[in-house]
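In my numbering, the protein residues as written are 9 to 272. Even glycine gets a Cβ: it sits at the ideal position worked out from N, Cα and C. One structure is given here, and the rest of the page talks about it.
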Amino acid sequence: MSRKKRILVAGATGYLGGYVASGALDKGYRVLALARDRAKAEALEAKGAEILVADACDRSSLTGQFEAVDVLVSSIGLRSMKASPSFEEVDFRANMNLLEEGLAAGVGHFIFVSVLKGEQLRGSIPLFDARERVVDALKVSGMKYTVVRPNGFFNDMAAMFIMAKQGRFVILGKGDTRINPIHGKDLARSILDSIEDESRWFSEYDIGGPETFTLKEIGELAYECLGRKPQYYYLPTSLLSFSATVFAPFNKNAASILRAMAQM
């Protein structure tokens, strides 16, 4: 019987990483879940995952830990407007630490979750540039790679539902921006399929859910679930751009996220 591949999941205690780690276990892979806090990985450990307690931002904590790893999956990245740590430290440096340790250990395949439109918008959005520099490094690394670019997650919709529940559904621009969010479990399934699907090796692909909605339509669905009359507050994208300029000198993370929101 052939040896089952060992998958290291970086970001295993996050929304997407949790689905990837759990899905990999369901498929019979051996899973090494990277977590800064073992307590947050208890459910995965109970399911059969090995837990590596380490901080991807600290290269020394990773040294020598990737032996016998066949595939490395990373969805590590900041999702906060807090001033620190920075995108440079997490979205770029932490993922580069993973790549460099993977290369040193002979890991065969790196599956990296980047962002939709990252290539087009990297010049104006530091968050996107940080992740795209990891993609650049992957392409010249010699390691087999797959870059996944999702178009929003279903868990992002929870924040929109809360806005509707509070009676303040904020719409950016005219509300005609179209998105097709994907559930984390479906995205994880696609990521895991990339391990054996040769057509996805040394390649990049965009992915979203089966249905497309405008921001206003998402609001309508939220209010319909609540049985309430829709009430919208329109926020001009120009105001987001201005706010990004104001935040830039003292909070680059917030400025970058605001620029991304204005241009998506």
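Looking at the structure shown, is residue i part of a helix, part of a strand, or coil, going by DSSP?
i, result
"A230", "helix"
"R197", "helix"
"D164", "helix"
"T21", "coil"
"T185", "coil"
"I203", "coil"
"K35", "coil"
"L129", "helix"
"D66", "coil"
"L135", "helix"
"S249", "helix"
"A76", "coil"
"D5", "Residue coverage of the chain in this structure runs from 9 to 272, which leaves residue 5 outside it and unanswerable."
Confirm, please, whether the CB-CB distance from residue j to residue i is below 8 angstroms.
i, j, result
"V39", "A57", "yes"
"I119", "V178", "no"
"R14", "V81", "no"
"F95", "L135", "yes"
"G85", "R11", "no"
"R208", "T253", "no"
"L107", "A145", "yes"
"R157", "Y213", "yes"
"I59", "A32", "no"
"A172", "G227", "yes"
"E225", "N188", "no"
"S55", "L200", "Correcting the residue identity first, residue 55 is Lys in this sequence and not Ser. No, they are not a contact pair."
Under the assumption that residue i contacts residue j (Cβ atoms under 8 angstroms), give the Cβ distance between them as a whole number of angstroms.
i, j, result
"T71", "A43", "With 8 angstroms as the limit, T71 and A43 do not qualify as a contact, their Cβ atoms being about 17 angstroms apart."
"G192", "Y27", "4 angstroms"
"S149", "V121", "Actually they do not touch by this definition, with Cβ atoms about 17 angstroms apart."
"P244", "G183", "That pair is no contact at about 12 angstroms."
"L195", "L24", "6 angstroms"
"K147", "H117", "Going by Cβ atoms, the distance from K147 to H117 rounds to 14 angstroms, so no, they are not a contact pair."
Report the residue from the options whose alpha carbon sits nearest the alpha carbon of residue i.
i, options, result
"S68", "N105, L60 and C233", "N105"
"F221", "D201, G160 and I199", "G160"
"A230", "V156, G85 and M165", "M165"
"L223", "F169, T253 and L111", "F169"
"Y242", "T185, D214 and V81", "T185"
"V115", "V17, E225 and Y240", "V17"
"E97", "Q73, D66 and L111", "D66"
"A113", "L234, G36 and E75", "E75"
"Q174", "A47, V143, R236 and S249", "R236"
"S211", "V143, R87, Y240 and A49", "V143"
"I203", "S30, G19 and Y37", "Y37"
Taking the DSSP output, what are the residues bridged to residue i?
i, result
"L86", "Its beta-bridge partners do not exist; DSSP assigns none."
"L107", "Bridge partners of L107: none, in fact."
"L40", "L16 and E58"
"D214", "R157"
"L52", "Beta-bridge pairing links L52 to no other residue."
"T222", "R186"
"V178", "Y241"
"V81", "V17 and I119"
"K152", "H117"
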